[in-house]
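Enquirer:
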Amino acid sequence: MKPELIPVLDRQTIARLVCDLGAKISEDYRGRPLVLIGVLKGAFIFLSDLVRSLQIPVEIDFIQVASYGSGTASSGEIRLCKPIDVDVRNKDVLLVEDIVDTGLTLQFLLDYLSAMEPASLNVCAMIDKHERRRTGVSVAYAGHRTQEGFLVGYGLDYDQKYRELPEIYHLQF
Ligand code: 5GP
Numbered sequence: 793m794k795p796e797l798i799p800v801l802d803r804q805t806i807a808r809l810v811c812d813l814g815a816k817i818s819e820d821y822r823g824r825p826l827v828l829i830g831v832l833k834g835a836f837i838f839l840s841d842l843v844r845s846l847q848i849p850v851e852i853d854f855i856q857v858a859s860y861g862s863g864t865a866s867s868g869e870i871r872l873c874k875p876i877d878v879d880v881r882n883k884d885v886l887l888v889e890d891i892v893d894t895g896l897t898l899q900f901l902l903d904y905l906s907a908m909e910p911a912s913l914n915v916c917a918m919i920d921k922h923e924r925r926r927t928g929v930s931v932a933y934a935g936h937r938t939q940e941g942f943l944v945g946y947g948l949d950y951d952q953k954y955r956e957l958p959e960i961y962h963l964q965f
């Protein structure tokens with residue numbers, strides 16, 4: 793049976809949330825060189841909207857990891873596919889994620905980036921989903937905080953599908 797798409801965040805709401813995040817980040821990092829690191833593939837749309845809502849200059853890079861697992865569950869076994877190219881030593885770094893679920897991917901990324909000795913390291917996620925959290929990672933900037941559900945659209949996929957949708961939906965199986 794085809795899964796059902798239940799609307800969670802429409803375009804206007806997403807635009808407002810991203811604009812608020814951009815204003816807050818600009819205020820917090822004003823006068824400090826900031827490097828944004830987008831986590832591929834899911835964060836590509838969020839990152840592109842976020843950078844355009846900032847009022848400060850930033851450097852941009854991408855990182856990609858693969859998590860073994862299938863369907864809607866992460867196995868917790870994470871492998872780096874694409875490292876970063878910029879030198880982040882002594883710079884302020886903001887990791888930009890699509891969604892944080894168990895937090896295992898984020899923990900892996902924070903460990904990897906911390907070893908490069910940035911001046912500071914924080915996380916901005918479009919969605920901060922709590923129910924299955926298994927680590928103590930903290931998301932300093934979250935567009936939307938929620939308890940549960942498998943979300944798609946606005947860069948988020950299920951089996952590489954639905955990324956192109958401009959809204960965010962709950963995928964009901
Ligand atoms: P975590 O390691 O925090 O469990 O999961 C991180 C990754 O799992 C996310 O970057 C994303 O790729 C995927 N993920 C977790 N929850 C969801 C969800 O609700 N929808 C989608 N599309 N991906 C999710």
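Mind the numbering: the sequence shown is residues 793 to 965 in the numbering used here, read in order.
Every residue gets a Cβ at the ideal spot worked out from N, C-alpha and C, and that includes glycine.
Computed from a predicted structure; not experimentally measured.
So, using beta-carbon positions, are isoleucine 876 and leucine 896 closer together than 8 angstroms?
Expert: Not a contact, by the Cβ cut-off of 8 angstroms.
Enquirer: Straight-line CA distance for glutamate 819 to phenylalanine 942?
Expert: If you take the alpha carbons of glutamate 819 and phenylalanine 942, they lie about 32 angstroms apart.
Enquirer: When the Cα atoms are used, what is the spatial distance from methionine 918 to glutamate 889?
Expert: Using only the alpha carbons, I get a separation of about 7 angstroms.
Enquirer: Go to isoleucine 960, then tell me how far its alpha helix (DSSP H) extends in each direction, as first and last residue.
Expert: Note, isoleucine 960: premise wrong, no alpha helix (DSSP H); beta strand (DSSP E) at 960-964.
Enquirer: In this structure, does DSSP put aspartate 877 in helix, strand or coil?
Expert: It is coil, neither helix nor strand.
Enquirer: Would the C-beta of glutamate 959 count as close to the ligand 5GP, meaning under 7 angstroms from any of its heavy atoms?
Expert: Checking every heavy atom of the ligand 5GP against the Cβ of glutamate 959, none is found closer than 7 angstroms.
Enquirer: By DSSP, does arginine 824 sit in helix, in strand, or in coil?
Expert: Correct three-state label for arginine 824: coil.
Enquirer: Let's see if you can read the secondary structure: which residues bound the beta strand (DSSP E) around glutamine 899?
Expert: Careful: glutamine 899 lies outside any beta strand (DSSP E), inside the alpha helix (DSSP H) at 896-906.
Enquirer: Pair every Cβ in the stretch 928-935 with every Cβ in the stretch 947-957, then say whether three or more of these pairs are closer than 8 angstroms.
Expert: Because the criterion of three Cβ pairs below 8 angstroms is not met, the stretch 928-935 and the stretch 947-957 do not touch.
Enquirer: Using the rule of at least 16 other Cβ atoms within 10 Å of the residue's Cβ for burial, across every protein chain shown, is proline 910 buried or exposed?
Expert: Proline 910 is buried by the Cβ-count criterion.
Enquirer: Hey, is serine 930 close to the ligand 5GP, as in C-beta under 7 angstroms from one of its heavy atoms?
Expert: It does not: the Cβ of serine 930 is nowhere closer than 7 angstroms to a heavy atom of the ligand 5GP.
Enquirer: Taking all protein chains shown into account, do 16 or more other C-beta atoms lie within 10 angstroms of the C-beta of isoleucine 798, making it buried, or fewer, making it exposed?
Expert: The residue in question, isoleucine 798, is exposed, as its Cβ has fewer than 16 Cβ neighbours within 10 Å.
Enquirer: Cβ of glycine 830 versus every heavy atom of the ligand 5GP: is any distance shorter than 7 angstroms?
Expert: Not so, every heavy atom of the ligand 5GP lies at least 7 angstroms from the Cβ.
Enquirer: Could you tell me the distance, in whole angstroms, from the CA atom of leucine 982 to the CA atom of serine 845?
Expert: Limits of the chain in this structure are 793 at one end and 965 at the other, which puts residue 982 out of reach.
Enquirer: Have a look at Ser912, Asp920 and Val831 and flag the residue whose alpha-carbon is nearest the alpha-carbon of isoleucine 852.
Expert: The option with the nearest alpha carbon to isoleucine 852 is Val831.
Enquirer: Based on DSSP bridge pairs, tell me the residues matched to histidine 936.
Expert: In the DSSP output, where bridge partners are listed per residue, histidine 936 has Ile919.
Enquirer: To which residues of the same chain is arginine 803 closer than 7 angstroms at the C-beta, ignoring the five residues directly before and after it?
Expert: Counting only Cβ-Cβ distances below 7 angstroms, and skipping sequence neighbours, we find Pro958 and Glu959.
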